[in-house]
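The structure under discussion appears below in the form of structure tokens.
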């Protein structure tokens, strides 16, 4: 099970490294691979928000 977790962590890092949104989010202190990937997946298309503050609502 530990090896599976390590493999999934490695895969998430690869995917996050290819995402511009994740790269930007990970510049925020305390935001890592999992948080940036989860937020980017939840927001999906940023154009649907008129203002950036609406994305967190």
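Numbering (my numbering), first residue to last: 10 to 66.
Backbone N, C-alpha and C define an ideal beta-carbon position, used for all residues, glycine too.
Note that the structure is predicted; figures quoted are calculated from it, not measured.
What span of residues does the alpha helix (DSSP H) with residue 42 cover, start to end?
-> As a working note, residue 42 is residue 33 in the chain shown. Note, residue 42: alpha helix (DSSP H), 42-52.
Do you know offhand how far residue 36's Cα is from residue 16's?
-> Here the question's residue 36 lines up with position 27 in the chain shown. Here the question's residue 16 lines up with position 7 in the chain shown. Cα to Cα, the separation comes out at about 24 Å.
Hey, out of 47, 19, 20 and 18, whose CA is closest to residue 31's CA?
-> Stepping through the chain shown from its first residue, residue 31 is reached at position 22. The option with the nearest alpha carbon to residue 31 is 47.
Range of the contiguous alpha helix (DSSP H) that encloses residue 17 = Numbered from its first residue, the chain shown carries residue 17 at position 8. Element bounds for residue 17: 11-26.
Just to confirm, are residue 42 and residue 19 a CB contact at a threshold of 7 Å?
-> The residue labelled residue 42 in the question sits at position 33 within the chain shown. The residue labelled residue 19 in the question sits at position 10 within the chain shown. No, these two residues do not count as a Cβ contact at 7 Å.
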